[in-house]
Each structure stands twice: as C-alpha cells, then as structure tokens.
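Everything below concerns the one structure shown next.
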Amino acid sequence: MNVIKEILKKLIPEKWHDQLVLVFKYYGFQYTCPCCGGRFRRMRSAGSPLRVNAQCPKCQCFERHRLLILYLKNKTGFFKDNLKVLDIAPMEFFQKICKGAPNLDYTSADISSPLAMMHFDLTDIPLPDNRFDCIICYHVLEHVPDDMKAMRELYRVLKPGGWALLQVPIDVNRRETFEDPGVTSPEERKRLFGQDDHVRLYGLDFQDRLREAGFTVRIEDYQKELTSAEIKKYCLLEKEDIYICAKEQL
Ligand SMILES: [Zn+2]
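Taking my numbering, I'd label the letters of the sequence shown as residues 6 to 255.
Below you can see the structure in the form of structure tokens.
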C-alpha cells in the first residue's frame, strides 16, 4: 500500500496532494461541516485529551466554530442585518465567510496573526468608543494576562445595543477561576491551565468577570435545541454554553 502511495505521490503534481488526501482519507456522507459545507466519513482527531472528529479536514474549524456558525445562522441576524463586526483572532474560514457577506462591515484583529486586518493588543484597542454592533472573540481571553482590561476594552468599542460572543474554555467543575502569574513555563501552564500558552483556567465565575467589565450576560445552551442526530452530524461537543454579552442601550 505504501509503495502505491509513493508512486501516486510521484505521478500526481504536488499542488493536488492535499485535495487527494481529503478525497481518499476523509470524504464521505456521515458528517457535515456547517462552516465549509464539506461532507466527510470522519474528521480529524485533535486536542489533549484527544477528541475524535474534532477538526474539519477542509476548513480546519473545531466543534466550537461549527456551533458558532449554526448559532449565528439560526438564532441571530448576523447574516441578514447590516452589522459592523469585529472578529478577534480570526479563523480563515470565518473571515472568508464574513468578507463575502454583503450585509457585514467586517474587521478582523489580532496581536500578530498575518491573517488579521488590524494588529493591536486587546488591552489597548486603538479604536474609538461605541464602534461595533457585534464582536466575536473565541478562545482568546485565556491567553491574555490582564483579561479584565481586555474585557473592558471590548465593552468600550461595542455600541450600546450591540452584542458580543466571548467564549473561553471553562472547567465546569470549578467554581472559581484559577490563575497564578508566577506560573510561566509552558510545561507548568499545560499541566495547570490545560495548554502551554494559557495563563489561567476559567471556572463558572467567568460570567461574573464579564459583568464586572460592564456586559449584560446571557448563557445559552443552544445545543438543547438541536437533535442528537444533528449534534452527531455536525460533530459538536456534547455540551457547550454560549456566552451572549450585551451592552445596554443608554
Ligand atoms: Zn469545514
């Protein structure tokens, strides 16, 4: 089998290799990615501990992104209303969707990613107050040492009446967030916070931090509205709450 693989590799131009891996290793009809529309017989395993069917082999999205797209499509006016959107630490597939959506005035930002349209530190956003109708910030705050300052900055640039989806990994067995600025080595961070570049492990008090920054917070268990067949088809996690953060009208 390996010999055949090697021969095929030599015969087929390199630019088609990724496409061929997709076709032979992943394509099928069991699972559907709502982010790219791809259909697969399996997805990539990822994470620690390893999660099967976690990452889409075509657009690279994870379970949380698939739930995000379904939520935005089915529960919000994101793809219908005229919205000024700020996307922090953009995923390529999501940026492509947003740039192609005629109703969105889209800006992406990151501290360093070449993919992002703007580069800045989340704790010091170089933009005026009350600028965006919607902010998407997925799995970013757990990397930011002064997350309260970052939350206050996100609140500041959100328009009154606007909403933000601010998502972080949460240990649901933990009431209080655990952080220790003295933990700086990647090995210790991985052991204590779950990933070598995380600076804390959020607990259920994440919502209190958001409220302290000014947001009105609603926690939605959107997956409850999906059937078990849909959860399986889209390869979603068994449970993932969505934190909808609003800035009250003045
Ligand atoms: Zn996909």
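Idealized CB from N, CA, C, for every residue including glycine.
Endpoints, the beta strand (DSSP E) within which L171 is located: In the sequence shown, residue 171 corresponds to position 166, counting from 1. For L171, the uninterrupted beta strand (DSSP E) run begins and ends at L163 to Q172, by DSSP.
Under 8 Å between the Cβ atoms of R69 and E245? The residue you call residue 69 lines up with position 64 of the sequence shown. The residue you call residue 245 lines up with position 240 of the sequence shown. For R69 and E245, yes; Cβs fall inside 8 Å.
Roughly how far, in whole angstroms, is the beta-carbon of R205 from the beta-carbon of F183, given that I think they are within contact range, below 8 Å? Position 200 of the sequence shown, counted from the first residue, corresponds to residue 205. Position 178 of the sequence shown, counted from the first residue, corresponds to residue 183. Approximately 6 Å separates the beta-carbon atoms of R205 and F183; this is inside 8 Å, confirming the contact.
Taking the alpha carbon of L255 as the reference point, which residue from V26, S117 and L163 has its own alpha carbon closest? What you label residue 255 is simply residue 250 of the sequence shown in a count that begins at 1. It is L163 whose Cα lies nearest to the Cα of L255.
Give me the Cα-Cα distance between R196 and T189, rounded to the nearest whole angstrom. Start at 1 with the first residue of the sequence shown, and residue 196 comes out as number 191. Start at 1 with the first residue of the sequence shown, and residue 189 comes out as number 184. Each residue's CA atom was taken as its position, placing R196 and T189 some 11 Å apart.
Whole angstroms are fine: how far does the CA of G208 sit from the CA of R157? Here the question's residue 157 lines up with position 152 in the sequence shown. Here the question's residue 208 lines up with position 203 in the sequence shown. The alpha-carbon separation between R157 and G208 amounts to approximately 19 Å.
Could you round the C-beta distance between Q200 and L72 to whole angstroms and report it? I think they count as a contact, below 8 Å. As a first step, residue 200 must be located in the sequence shown, where it is residue number 195. As a first step, residue 72 must be located in the sequence shown, where it is residue number 67. So it is not a contact: roughly 20 Å between Cβ atoms.
Using a threshold of 7 Å, is the CB atom of G43 nearer than that to any non-hydrogen atom of ligand 1? Within the sequence shown, the letter at position 38 stands for residue 43. True, at least one ligand heavy atom lies under 7 Å from that Cβ.
So, under 8 Å CB-CB, H203 and H124 are touching, yes? Tell me the CB distance rounded to an integer number of Å. In the sequence shown, residue 203 corresponds to position 198, counting from 1. In the sequence shown, residue 124 corresponds to position 119, counting from 1. At roughly 21 Å, the Cβ-Cβ gap does not stay under 8 Å, so H203 and H124 are not in contact.
Does P39 pass the burial test, meaning 16 or more other C-beta atoms within 10 Å, or should it be called exposed? Within the sequence shown, residue 39 is the residue found at index 34, counting from 1. By the neighbour-count rule (16 or more Cβ atoms within 10 Å), P39 is buried.
From I249 to A218, what does the alpha carbon distance come to, in whole angstroms? Within the sequence shown, residue 249 is the residue found at index 244, counting from 1. Within the sequence shown, residue 218 is the residue found at index 213, counting from 1. Near 14 Å, if we compare the C-alpha coordinates of A218 and I249.
Looking at ligand 1, does it come within less than 7 Å of K30, judged from the CB to the closest heavy atom? In the sequence shown, counting from the first residue as 1, residue 30 sits at position 25. For ligand 1, not one heavy atom lies less than 7 Å from the Cβ of K30.
Distance, L77 Cα to F83 Cα: Counting from 1 along the sequence shown, the entry for residue 83 is found at position 78. Counting from 1 along the sequence shown, the entry for residue 77 is found at position 72. Between F83 and L77, the C-alpha separation is close to 6 Å.
L241 to Q65, Cα distance in whole Å? Working through the sequence shown from its first residue, we reach residue 241 at position 236. Working through the sequence shown from its first residue, we reach residue 65 at position 60. Just so you know, the alpha carbons of L241 and Q65 end up roughly 14 Å apart.
Spatial neighbours of K63 in its chain, beta-carbon cut-off 7 Å, leaving aside the 5 residues before and after: Reading the sequence shown from its first residue, position 58 is the one you call residue 63. In the same chain as K63, and ignoring 5 residues on each side of it, the C-beta atoms closer than 7 Å to its own belong to L27, C38, C41 and G43, in chain order.
Classify I224 as buried or exposed, calling it buried when 16 or more other Cβ atoms lie within 10 Å of its own Cβ. Residue numbering aside, residue 224 sits at position 219 when the sequence shown is read from its first letter. So I224 counts as exposed.
Residues sharing a beta bridge with Q254, DSSP: Position 249 of the sequence shown holds residue 254. Answer by DSSP bridge pairing: none, since Q254 is not bridged.
Check whether the Cβ atoms of V177 and I141 sit closer than 8 Å, and answer yes or no. For the purposes of this step, residue 177 is identified with residue 172 of the sequence shown, where counting begins at 1. For the purposes of this step, residue 141 is identified with residue 136 of the sequence shown, where counting begins at 1. Here V177 is not near I141, since their CB atoms are 8 Å or more apart.
Proximity below 8 Å, CB of K252 to CB of G166: As a first step, residue 252 must be located in the sequence shown, where it is residue number 247. As a first step, residue 166 must be located in the sequence shown, where it is residue number 161. It is a contact, given that the beta carbons lie within the stated cut-off.
Where does H144 fall in DSSP's three states? If you number the sequence shown from 1, residue 144 lands on position 139. The three-state secondary structure of H144, taken from DSSP, is coil.
In the DSSP assignment, find the unbroken alpha helix (DSSP H) run with S233 in it and report its ends. Numbered from 1 along the sequence shown, position 228 holds the residue referred to as residue 233. Here the alpha helix (DSSP H) through S233 covers S233 to K238.
Candidates A169, R47 and G52: which alpha carbon is nearest C61's? Along the sequence shown, one-based indexing puts residue 61 at 56. The shortest C-alpha separation from C61 is found at R47.
Backbone secondary structure at L127 - three-state DSSP: Locating residue 127 in the sequence shown gives position 122, counting from the first residue. If DSSP states are grouped into helix, strand and coil, L127 belongs with coil.
Given this structure, state the Cα-to-Cα distance separating Y143 from I175, to the nearest angstrom. Position 138 of the sequence shown, counting from 1, holds the residue named residue 143. Position 170 of the sequence shown, counting from 1, holds the residue named residue 175. Using only the alpha carbons, I get a separation of about 12 Å.
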